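2 protein chains.
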Amino acid sequence: MDIRGVAALARVSIATVSRTINHVPTVDPALAARVWKVVHELNYLPNTQARALVSGRSRLIGLIVSEITNPFFPELIQEFEQAAVARGYEILIGSTNYESKTMEICARRMLERKVDGVAVMTFGVEDFFLDRFAAENIPYVFIDPAPSRPLNSVLAVDYLAGISEGVQHLAVLGHRNIAFISGPLSRRSSLSRKEAFLACLHSIGLKPNPDWLIEGDHTLDGGRDAMQKILALPHLPTAIMCSNDMTAIGVQHALFEADLRIPDDFSLIGFDDIHLAEYTIPPLTTIRMSCRDLATRAMENLLSRRNPGVGSTPSTASTTQPAGGLDSLNPRQDQPSATIATRLIVRRTTGLPHRALDDLRPDASKQNTTSLPPRAQRQRRSARP
Amino acid sequence: MDIRGVAALARVSIATVSRTINHVPTVDPALAARVWKVVHELNYLPNTQARALVSGRSRLIGLIVSEITNPFFPELIQEFEQAAVARGYEILIGSTNYESKTMEICARRMLERKVDGVAVMTFGVEDFFLDRFAAENIPYVFIDPAPSRPLNSVLAVDYLAGISEGVQHLAVLGHRNIAFISGPLSRRSSLSRKEAFLACLHSIGLKPNPDWLIEGDHTLDGGRDAMQKILALPHLPTAIMCSNDMTAIGVQHALFEADLRIPDDFSLIGFDDIHLAEYTIPPLTTIRMSCRDLATRAMENLLSRRNPGVGSTPSTASTTQPAGGLDSLNPRQDQPSATIATRLIVRRTTGLPHRALDDLRPDASKQNTTSLPPRAQRQRRSARP
DNA sequence: CGGCATTGTGTAAACGTTTTCCCTGTCAAC
DNA sequence: GTTGACAGGGAAAACGTTTACACAATGCCG
Numbered sequence: 001m002d003i004r005g006v007a008a009l010a011r012v013s014i015a016t017v018s019r020t021i022n023h024v025p026t027v028d029p030a031l032a033a034r035v036w037k038v039v040h041e042l043n044y045l046p047n048t049q050a051r052a053l054v055s056g057r058s059r060l061i062g063l064i065v066s067e068i069t070n071p072f073f074p075e076l077i078q079e080f081e082q083a084a085v086a087r088g089y090e091i092l093i094g095s096t097n098y099e100s101k102t103m104e105i106c107a108r109r110m111l112e113r114k115v116d117g118v119a120v121m122t123f124g125v126e127d128f129f130l131d132r133f134a135a136e137n138i139p140y141v142f143i144d145p146a147p148s149r150p151l152n153s154v155l156a157v158d159y160l161a162g163i164s165e166g167v168q169h170l171a172v173l174g175h176r177n178i179a180f181i182s183g184p185l186s187r188r189s190s191l192s193r194k195e196a197f198l199a200c201l202h203s204i205g206l207k208p209n210p211d212w213l214i215e216g217d218h219t220l221d222g223g224r225d226a227m228q229k230i231l232a233l234p235h236l237p238t239a240i241m242c243s244n245d246m247t248a249i250g251v252q253h254a255l256f257e258a259d260l261r262i263p264d265d266f267s268l269i270g271f272d273d274i275h276l277a278e279y280t281i282p283p284l285t286t287i288r289m290s291c292r293d294l295a296t297r298a299m300e301n302l303l304s305r306r307n308p309g310v311g312s313t314p315s316t317a318s319t320t321q322p323a324g325g326l327d328s329l330n331p332r333q334d335q336p337s338a339t340i341a342t343r344l345i346v347r348r349t350t351g352l353p354h355r356a357l358d359d360l361r362p363d364a365s366k367q368n369t370t371s372l373p374p375r376a377q378r379q380r381r382s383a384r385p
Numbered sequence: 386m387d388i389r390g391v392a393a394l395a396r397v398s399i400a401t402v403s404r405t406i407n408h409v410p411t412v413d414p415a416l417a418a419r420v421w422k423v424v425h426e427l428n429y430l431p432n433t434q435a436r437a438l439v440s441g442r443s444r445l446i447g448l449i450v451s452e453i454t455n456p457f458f459p460e461l462i463q464e465f466e467q468a469a470v471a472r473g474y475e476i477l478i479g480s481t482n483y484e485s486k487t488m489e490i491c492a493r494r495m496l497e498r499k500v501d502g503v504a505v506m507t508f509g510v511e512d513f514f515l516d517r518f519a520a521e522n523i524p525y526v527f528i529d530p531a532p533s534r535p536l537n538s539v540l541a542v543d544y545l546a547g548i549s550e551g552v553q554h555l556a557v558l559g560h561r562n563i564a565f566i567s568g569p570l571s572r573r574s575s576l577s578r579k580e581a582f583l584a585c586l587h588s589i590g591l592k593p594n595p596d597w598l599i600e601g602d603h604t605l606d607g608g609r610d611a612m613q614k615i616l617a618l619p620h621l622p623t624a625i626m627c628s629n630d631m632t633a634i635g636v637q638h639a640l641f642e643a644d645l646r647i648p649d650d651f652s653l654i655g656f657d658d659i660h661l662a663e664y665t666i667p668p669l670t671t672i673r674m675s676c677r678d679l680a681t682r683a684m685e686n687l688l689s690r691r692n693p694g695v696g697s698t699p700s701t702a703s704t705t706q707p708a709g710g711l712d713s714l715n716p717r718q719d720q721p722s723a724t725i726a727t728r729l730i731v732r733r734t735t736g737l738p739h740r741a742l743d744d745l746r747p748d749a750s751k752q753n754t755t756s757l758p759p760r761a762q763r764q765r766r767s768a769r770p
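These protein sequences, in sequence, are chains P and U.
Just so we're aligned, residue 1 is where the first sequence starts under the numbering used here, counting upward by one.
Just so we're aligned, residue 386 is where the second sequence starts under the numbering used here, counting upward by one.
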């Protein structure tokens, strides 16, 4: 069942079998045919471990994500896997569950299994591991957050464009009081999204209300809790932006429980455009980030850096850079290597603000209660005209 | 950076290093301490490939699922991974996307990477691969469908119990006209669920209407399409059972689009109880199947069969069975090794049927149209009293 | 005090590949 | 007919571990 068996049956050396199955062109076609025949008869499958051990390439690409149960990540994983398989690689998934201990274990696994590259889309990685990956000459690419120190490679997401579209959409509809539910602020990408939101607000002349900047955790529960916090506030916004779709779905649930309506009582915008966003009730207006783009860019970035000094680098570039220090430092220490576009997908959670803008909940402040006037007293509007 | 480096610095042989890091108890504590010190200083990580190559154990467990973007599977994967890690294993995920070609590639990968076991939760696997796994003495466990021929091991899900609870719940509420949206009927587990549904119907004296048995595909789109098919029918059921939650969410969407209400116009029951089910609008009544149970049972089943003839098997068992033929056939060819319980979780998509039971849409049949009377003409009921 | 377990360590042979290097042909050119 | 180049295939050395085996040192018992 091993290569020796094949060699014996095909009456060739194991070297020839190896060359044949690796499509080395110098093999005599007649011999190759004989080898292939035996390979198929025996259903011979080469042992990946032995292969990787001697060749130094595992044909494995690591992908470290935050949380596999957040539907965004499976969508990313799927795209990433397709991109990998198309290039002859497999992927090894690690999920950190937002715990740095788990993160460490993931990184360790990737090192132990000798991955040929790692894409990371989760919170900050320990410097220790960056050093290790660099030392072992394993290319890595960070999707979206810029960690503390200069990196070989970062894929930036154009938050500003998407969030700006969202904020403008709301502003055009007449919203002036917009809340933002961020992700965990320990995550740099969460911070980026929040900062992008604040910048957008500023650019259209609105001032943020600190009460309306809530820290969530990118989960359904977190979104629900955050919205409940907002509902308990003395002054209510008329629109909510969320830093991911799961949070927005949690918000929808909280509003449903409070017997409030979207978009009549609150407009709502998510982020990611997971497939589910089309299916929420009502369908979620959200900011799309292309998983496919992300995945293909990440893969290409990784593979292009596989053999530093060799490969498709234009010769002009290599002359301008010192060639040494390959082991400890990848010479291509470049700027964000690509930017992923975002764009607003308008569905049905955004509409005109129905409450007075400057005069939020006049009766509520009189009654000194946090609840809105009962649903029945307010005008009801059908979802579609 | 390899074991030799550690051995040299600790002034011991590589065998001692190997024994130390594998916690072989015969190592002298003083030496072990010296080794550990060097291991930590160097941040030595053993090469998994070399390890696996010589030891014959990859400490990798394969998990083949249908589709990673269906949230049920990430939940399963998470539990499975935890169960694996707790036992010192890692998992290798393959998703078939319901294509038998992809299934083949997955199985091939598992064989090439020399997994120590495989759990399969997707449609039927080719006999070829079953033979291969058996020949290589790789234990496998099938979650829920019983493939065509006798298997080493199957984990059965007690569909009947859960679906029966669901049907009875509907019957008690007064529903007599229940539709069922199945998964792809090429999948045996889909068939099982459908058959369980039919059996339940029969047991309470109801006859199935063939029009109301729709084949879906376990996706959001499939659920929506199926419900649209039902809505186009001349006679409408008052309740819908779905064979998974994603289908049910698709149904919710279709009803929302048609301006129909849950549970007023239709009662709805899902299956799986994914986390999202609590967050749909209204929250989904569904049949829970415990991922954790599934995962731990599958892992334990796999690991208990790892060393046939060796290990923790009680001696009585080994005497009653012929010991030979280990390579071609695992001797423990047993019945479904475990049954996973299911139970109904009542949320808010089930309620009293508001339409007449025997007399569906009398006006619709007169008008020869497929649409229900306009929403506004019918009584509206708030989600909660 | 000598043999004999016992305990712990080192040496070396695997594991299944890839890949380097060398050798044997074959063919063309002189 | 001899030489050189070249093509193609085989032998063997890696790759980094685990593990069987041998062997040295120690303690115990007679």
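Backbone N, C-alpha and C define an ideal beta-carbon position, used for all residues, glycine too.
From a predicted model like this one, the values you see are computed outputs, not experimental measurements.
query, result
"Rounded separation between U/Glu460 and U/Thr735 - CA only", "25 Å"
"Within 8 Å, strictly: CB atoms of P/Asn97 and P/Glu67", "yes"
"Residues that DSSP places opposite U/Cys627 in a beta bridge", "U/Ile566"
"contact_flag[the segment 659 to 667 of chain U, the segment 430 to 445 of chain U] where n(CB pairs < 8 Å) is 3 or more", "no"
"Opening and closing residue of the alpha helix (DSSP H) in which P/Asp230 lies", "A quick correction: the sequence has Ile, not Asp, at residue 230 of chain P. Its alpha helix (DSSP H) spans residues 220 to 231."
"Contact list for P/Ile281 against chain U, beta-carbon separation under 8 Å", "Gln637, His638, Phe641, Thr665, Ile666"
"Contacts that U/Arg646 makes with chain P (C-beta to C-beta distance below 8 Å)", "Neighbours of U/Arg646 on chain P: none; closest Cβ ~11 Å, over 8 Å."
"C-beta atoms of U/Arg682 and U/Leu540 nearer than 8 Å", "yes"
"Whole-angstrom C-beta distance between U/Val420 and U/Val391, which should lie under 8 Å", "7 Å"
"Residue from P/Asp264, P/Leu9, P/Leu302, P/Cys106 whose Cα sits closest to the Cα of P/Leu31", "P/Leu9"
"Within-8 Å CB hit, U/Glu460 to chain P", "yes"
"Within-8 Å CB hit, U/Leu496 to chain P", "yes"
"Reduced DSSP category for U/Gly502 - H, G, I as helix; E, B as strand; rest coil", "strand"
"Short Cβ contact (8 Å threshold) for U/Phe518 with U/Met684", "no"
"8 Å Cβ cutoff, P/Lys37 in contact with chain U", "no"
"Residue closest to P/Leu302, alpha-carbon to alpha-carbon, out of P/Leu63, P/Ile230, P/Val141, P/Ala33", "P/Val141"
"Option in U/Cys676, U/Val505, U/Gly509 with minimal Cα separation from U/Pro524", "U/Val505"
"Pair within 8 Å by beta-carbon distance, P/Val157 and P/Thr342", "yes"
"Beta carbon proximity, P/Arg288 to chain U, threshold 8 Å", "no"
"CB contact below 8 Å: U/Asn715 versus chain P", "Residue confidence for U/Asn715 is low, a pLDDT of 43 falling below 50, so the modelled location carries little weight; the figure read from the coordinates is stated next. No - not a single Cβ of chain P is within 8 Å of the one on U/Asn715."
"Short CB-CB distance (under 8 Å) between U/Ile523 and chain P", "no"
"Neighbour flag for P/Ala84 against chain U, beta carbons, 8 Å", "no"
"Neighbourhood of U/Tyr429 by C-beta, 6 Å cutoff - its chain only, sequence neighbours within 5 removed", "Val391"
"Residue of P/Met241, P/Gly88, P/Ile143 minimising C-alpha distance to P/Ser290", "P/Ile143"
"When U/Pro622, U/Leu605, U/Val450, U/Gly590 are compared against U/Leu598, the one with the closest alpha-carbon", "U/Pro622"
"Assigned exposure category for U/Lys486 - 16 Cβ within 10 Å defines buried", "exposed"
"Cβ-heavy atom distance, P/Gly88 to the ligand SAM, below 7 Å", "Of the ligands one can find in the structure shown there are none, so the ligand SAM has no counterpart to examine."
"From P/Phe72, P/Leu92, P/Asp293, residue whose alpha carbon lies closest to that of P/Ala338", "P/Asp293"
"C-beta contact flag for U/Glu550 and U/Ile672 at 8 Å", "yes"
"Cα-Cα separation, P/Ile249 to U/Gln467", "27 Å"
"Residue nearest to P/Lys114 in terms of C-alpha spacing, selected from U/Asn432, U/Ile478, U/Ser577, U/Ala469", "U/Asn432"
"Closer than 8 Å to chain U by CB, P/Pro71", "yes"
"Proximity below 8 Å, CB of P/Arg193 to CB of P/Gly183", "yes"
"For P/His40 and P/Pro29, the rounded distance between their alpha carbons", "16 Å"
"Three-way DSSP call (helix, strand, coil) for U/Ala541 in this model", "strand"
"Span of the beta strand (DSSP E) around U/Leu448", "445 to 450"
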